[in-house]
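Printed below as a string of structure tokens:
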């Protein structure tokens with residue numbers, strides 16, 4: 250019989266793609282990754298008002314750990330495009346629902362967001378991704394390839410059940426934004442983002458293992474693995 254996990258870890262996400270990535274990367278560790286859905290209760294909303302990915306990730310990890318009474322992992326990630334002054338940055342997930350200056354959505358954008366939400370979490374997220382990608386293409390219209398550089402950034406923060414932080418780690422993936430969607434894998438801006446590490450292919454054209462090897466989140470997860478291994482060892486009887 251397999252030994253029971255030494256550490257149960259809540260990954261505070263409803264994004265199935267992110268959940269699958271983490272589970273692939275912790276395979277072999279005595280760590281059981283659970284989602285909010287598996288706990289049978291909706292994840293409490295946390296206002297992501299931090300100026301950085303790290304500030305938002307740490308705020309979410311602490312809140313969700315206290316809520317669940319478990320070690321909790323939170324992710325805050327996004328795309329920073331050089332020609333856009335680092336935008337969409339911390340606003341990546343809901344960029345299309347913001348005005349250009351980052352103010353709350355106009356009534357038309359708000360209605361589009363509500364319509365997406367009514368589709369359910371998976372379809373609603375896909376609809377929002379489409380709007381975000383449309384906005385990115387519009388924002389870079391006419392920008393030459395040499396100036397379409399940028400990077401994906403991911404910060405993972407781990408908190409104890411009492412909400413105190415264990416550690417935050419970051420990963421980055423440099424690349425450029427293409428002029429059109431390619432590929433059917435991944436999520437978010439993946440159909441537009443061509444990583445420097447694998448020239449000529451978008452993130453959405455990579456297989457899971459290829460993506461893990463070069464992605465911002467894959468790098469952050471690898472930096473987190475020793476921390477999880479240490480925690481699991483400390484909790485092993």
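In this note's numbering, the protein residues as written are 250 to 486.
From the three backbone atoms N, C-alpha and C, an ideal C-beta is built for every residue, glycine too.
### Query
For residue 334, does the count of other Cβ atoms within 10 angstroms reach 16, so buried, or fall short, so exposed?
Counted from its first residue, the chain shown places residue 334 at position 85. The Cβ neighbour count for residue 334, taken over all protein chains shown within 10 Å, is under 16; the residue is labelled exposed.
### Query
DSSP three-state call for residue 271: helix, strand or coil?
What you label residue 271 is simply residue 22 of the chain shown in a count that begins at 1. In this structure, residue 271 counts as helix in the three-state DSSP scheme.
### Query
Count the other CB atoms within 10 Å of the CB of residue 294; is the residue buried (16 or more) or exposed (fewer)?
Position 45 of the chain shown, counted from the first residue, corresponds to residue 294. That one is exposed.
### Coil, strand or helix - residue 421 by DSSP
Taking the first residue of the chain shown as position 1, residue 421 is located at position 172. Here residue 421 sits in strand by DSSP.
### Closest by C-alpha distance to residue 473, when choosing among 435, 403, 309 and 331
The count along the chain shown starts at 1 and reaches residue 473 at position 224. For residue 473, the nearest C-alpha among the options comes from 403.
### Message
Output needed for residue 397: all residues of its chain with C-beta closer than 7 Å, excluding positions within five of it in sequence on either side, in chain order.
### Response
On the chain shown, position 148 is the one that residue 397 refers to. Excluding sequence neighbours, residue 397 sits near 332, 389, 425 and 426.
### Task
Check whether the Cβ atoms of residue 345 and residue 374 lie closer than 8 Å to each other.
Within the chain shown, residue 345 is the residue found at index 96, counting from 1. Within the chain shown, residue 374 is the residue found at index 125, counting from 1. Contact flag unset, no.
#### Entry: Which of helix, strand or coil DSSP assigns to residue 398
Along the chain shown, read from residue 1 onward, the residue named residue 398 stands at position 149. Secondary structure at residue 398: strand, using DSSP grouped into helix, strand and coil.
### Query
Taking C-beta to C-beta, are residue 318 and residue 308 nearer than 8 Å?
Sequence index remark: in the chain shown, residue 318 carries index 69 (1-based). Sequence index remark: in the chain shown, residue 308 carries index 59 (1-based). No, the Cβ-Cβ distance between residue 318 and residue 308 is not below 8 Å.
### Query
From residue 459 to residue 311, what does the alpha carbon distance come to, in whole angstroms?
Here the question's residue 459 lines up with position 210 in the chain shown. Here the question's residue 311 lines up with position 62 in the chain shown. The straight-line gap from Cα to Cα measures roughly 31 Å.
### Task
Could you tell me which of 329, 315, 314 and 378 sits nearest to residue 342, measuring between CA atoms?
Position 93 of the chain shown, counting from 1, holds the residue named residue 342. The shortest CA-to-CA distance from residue 342 to any of 329, 315, 314 and 378 is the one to 378.
#### Entry: Span of the beta strand (DSSP E), counted from its first residue to its last, around residue 444
Position 195 of the chain shown, counted from the start, is the residue given in the question as residue 444. Here the beta strand (DSSP E) through residue 444 covers 442-444.
### Query
Helix, strand or coil: which one does DSSP assign to residue 416?
To locate residue 416, count along the chain shown from 1; it is residue 167. In the structure shown, residue 416 falls within a strand segment according to DSSP collapsed to helix, strand and coil.
### Task
Figure out for me which residue from 406, 401 and 321 has the closest Cα to the Cα of residue 463.
As a first step, residue 463 is located in the chain shown; it is residue number 214 there, counting from the start. The shortest CA-to-CA distance from residue 463 to any of 406, 401 and 321 is the one to 401.
#### Entry: residue 407, DSSP secondary structure in three states
As a working note, residue 407 is residue 158 in the chain shown. If DSSP states are grouped into helix, strand and coil, residue 407 belongs with the strands.
### Message
My output table needs one value for residue 463: the three-state DSSP class, helix, strand or coil.
### Response
Sequence index remark: in the chain shown, residue 463 carries index 214 (1-based). Correct three-state label for residue 463: helix.
### Task
May I have the straight-line CA-CA distance separating residue 503 from residue 439, to the nearest angstrom?
Residue 503 lies beyond the range of the chain shown here (250 to 486); nothing can be said about it.
### Query
In three-state DSSP terms, what is residue 383?
In the chain shown, the residue the question calls residue 383 occupies position 134. Residue 383: helix per DSSP, three-state reduction.
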